[in-house]
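Down below is the structure, laid out as structure tokens.
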Amino acid sequence: MSSESKILDSACGTSIVTDIILKTEIKPEIHAVDVAENMVSIARERFSAHSNAQTAVMAGKELSFSDNTFTHSITNLGLVYFTDTGDG
């Protein structure tokens, strides 16, 4: 990863992975999404001071991003919530 990276944190929950990335020296663009509005609300509050981190309520299998938007995609523990892991 580098500062030029565009990262999707899918099924982010409270965005533990995004938090780890934001504590590094690199400053990539991060989009943290989850279908659970309460989780996204917690993540949004945690990262409000970081202009490079965006949050959204969004299902991992119904992303509103264009193809090839991201250089990296992370799903931390969220795969267990997909009935078809290919959707994650």
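Residue numbering for the sequence shown is 485 to 572, as defined by the working numbering.
No residue lacks a Cβ here, since even glycine has one placed at the ideal position from N, Cα and C.
Everything numeric in this text was worked out from a predicted model, so none of it was measured.
Mind checking whether residue i and residue j have CB atoms under 8 angstroms apart?
{"i": "alanine 551", "j": "alanine 516", "result": "Sequence inspection shows aspartate at residue 551; the alanine mentioned does not correspond to that position. The answer is no: Cβ separation not under 8 angstroms."}
{"i": "lysine 507", "j": "serine 487", "result": "no"}
{"i": "threonine 539", "j": "alanine 520", "result": "no"}
Alpha carbon to alpha carbon, what distance is there between residue j and residue i?
{"i": "phenylalanine 554", "j": "serine 525", "result": "23 angstroms"}
{"i": "phenylalanine 549", "j": "glutamate 529", "result": "22 angstroms"}
{"i": "asparagine 560", "j": "isoleucine 500", "result": "8 angstroms"}
Could you tell me if residue i is buried or exposed, where buried requires 16 or more neighbouring beta carbons within 10 angstroms of its beta carbon?
{"i": "methionine 523", "result": "buried"}
Using CA atoms only, rank isn't needed, just tell me which of the options is closest to residue i.
{"i": "lysine 545", "options": "Ala495, Lys490, Ile491", "result": "Ala495"}
{"i": "histidine 534", "options": "Glu513, Asp518, Met542", "result": "Glu513"}
{"i": "valine 543", "options": "Thr498, Asp518, Ala537", "result": "Note on identity: in this sequence residue 543 is alanine, with valine being the wrong assignment. Comparing Cα positions, the closest option is Asp518."}
With DSSP as the reference, label residue i as helix, strand or coil.
{"i": "serine 525", "result": "helix"}
{"i": "aspartate 503", "result": "helix"}
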